[in-house]
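A short write-up of the structure that comes next.
There are 2 protein chains.
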Amino acid sequence: MKPDHFEVTSACSAVHHILARVGDKWTVLVVSYLGNRSMRFNELKRAINGISQKMLTSTLRSLERDGFVTRTVYPTIPPRVDYELTDLGRDLLVPVRGLGDWAIKNEQRVSEARARFDAAHGNAEVQPGFADAAE
Amino acid sequence: MKPDHFEVTSACSAVHHILARVGDKWTVLVVSYLGNRSMRFNELKRAINGISQKMLTSTLRSLERDGFVTRTVYPTIPPRVDYELTDLGRDLLVPVRGLGDWAIKNEQRVSEARARFDAAHGNAEVQPGFADAAE
DNA sequence: CTGTATCCAGTCAGATACTG
DNA sequence: CAGTATCTGACTGGATACAG
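Taken in order, these protein sequences are the chains called A and B. Heads up: the first sequence at position 32 corresponds to 819 in my numbering, and the numbers run straight through without jumps. Heads up: the second sequence at position 97 corresponds to 884 in my numbering, and the numbers run straight through without jumps.
Rendered as structure tokens:
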């Protein structure tokens with residue numbers, strides 16, 4: 788993690804850390820799947836069709852380091868590793884889902900705002916993945 | 788944002804969009820300052836000591852595009868531009884603060900988990916104070 | 001199966017210079 | 001004052017190869 792160039796309070800950096808983790812490309816997806824039940828590495832990888840091994844590993848490691856998931860290794864042949872949300876991880880899911888619900892409820896308002904902005908600025912270019920709800 | 792390799796619902800992409808915006812390095816800081824009152828460009832820049840002009844501009848533009856802030860230009864000499872949160876922006880502040888409160892409340896638990904993880908993995912570059920009492 | 005190591009292309013953020 | 005343009009180093013994420 789990069790050091791901040793400016794003075795930050797510990798509350799501020801705590802907030803920023805959580806926000807950055809949650810805003811991460813794969814974190815929420817991983818945590819959401821794990822919110823239902825514990826899963827194995829490749830099971831997770833197949834579920835999140837599109838994540839690379841590297842990214843899944845590093846996402847899982849970060850989550851483990853911050854105490855959001857546990858990693859349980861069964862030294863069998865072939866090896867088996869289970870990932871599961873901790874209490875802290877399940878706890879985190881609450882405010883994250885709050886934000887998620889907000890996003891779903893306000894999706895329309897945001898895409899309308901974007902359509903308005905783009906029209907006003909003559910930019911007809913559409914960002915993939917989020918412009919389909921515009922109307 | 789890149790096109791998704793996997794099937795996504797529009798709800799999923801809406802959530803991801805909001806999460807990515809909020810997880811952005813400067814967004815929350817800017818929105819927080821604007822949560823108190825409207826501010827001018829350089830005022831904001833001085834307040835967030837460390838942000839570059841470029842990043843402030845692009846953060847503000849994204850926020851404006853998504854309908855979270857308004858940009859008001861007074862064609863005076865010297866020019867003056869006020870930024871202010873919209874209703875949508877103030878609305879967004881609610882779940883974001885929920886997550887922020889969570890981060891502050893659970894800061895200790897997260898840093899304890901990190902200390903534990905780093906200790907277990909031989910990375911001794913952690914802050915002294917509350918060492919692991921477990922085991 | 002579950003990773004680690006390496007390489008590489010694309011993107012991001014900061015510094016700097018310039019404009020209205 | 002409030003930006004825009006450009007260059008560049010740093011970081012990110014993906015693909016591939018390899019190891020326990």
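Ideal Cβ positions, reconstructed from N, Cα and C, are used throughout, including at glycine. Keep in mind that this is a model prediction, so the values were computed, not measured.
For B:T846, which of helix, strand or coil comes out of DSSP? helix
Report the residues of the region 812-834 of chain B with a CB closer than 7 Å to any CB of chain A, ordered along the chain. V815
What does DSSP give as the partner residues of A:E871 in its beta bridges? A:T857
Return the chain-ordered list of same chain residues with a C-beta closer than 8 Å to the C-beta of A:R858, the five sequence neighbours on each side being excluded. L847, E851, V868, D869, Y870
Please classify A:I864 as buried or exposed, where buried requires at least 16 other C-beta atoms within 10 Å of its C-beta. exposed
A:A890 versus B:K812, B:G876, B:L821, residue with shortest Cα-Cα distance: B:G876
Euclidean distance between Cα positions of A:V883 and B:G909: A straight-line Cα-Cα distance of about 32 Å links A:V883 and B:G909.
Name, please, each residue of chain A whose Cβ falls closer than 7 Å to the Cβ of B:A807. G810
I'd like the ranges of any alpha helix (DSSP H) spanning at least 4 consecutive residues and lying wholly in the region 791-826 of chain A. 797-810, 814-823
Any C-beta of chain A under 8 Å from that of B:I891: yes
Candidates B:S849, B:G822, B:W813: which alpha carbon is nearest B:K832's? B:W813
State the Cα-Cα distance for the pair A:A834 and A:V815, rounded to the nearest angstrom. 13 Å
Taking all protein chains shown into account, decide if B:A801 is buried (16 or more other Cβ within 10 angstroms of its Cβ) or exposed. buried
Mapping DSSP to helix, strand and coil, what is A:F917? Its pLDDT being 41, under 50, A:F917 is placed unreliably by the model, and nothing is read from it.
Comparing C-alpha positions only, which one of B:R824, B:V817, B:P862 sits nearest to B:L843? B:V817
Is it buried or exposed, B:A902, if we count other Cβ atoms within 10 angstroms and call 16 or more buried? buried
Among the candidates A:G822, A:A907, A:D905, A:N893, whose CA atom is the shortest distance from the CA of B:H804? A:N893
Inspect the beta-carbon positions of B:G822 and B:L886 and report whether they are closer than 8 Å. No.
Please confirm if B:E871 has its CB atom under 8 Å from at least one CB of chain A. Contact with chain A is absent for B:E871, since none of that chain's Cβ atoms lies less than 8 Å from the residue's Cβ.
Hey, B:R896 and A:G854: beta-carbon distance below 8 Å or not? yes
In whole angstroms, what separates the C-alpha of A:A907 from that of B:A906? 55 Å
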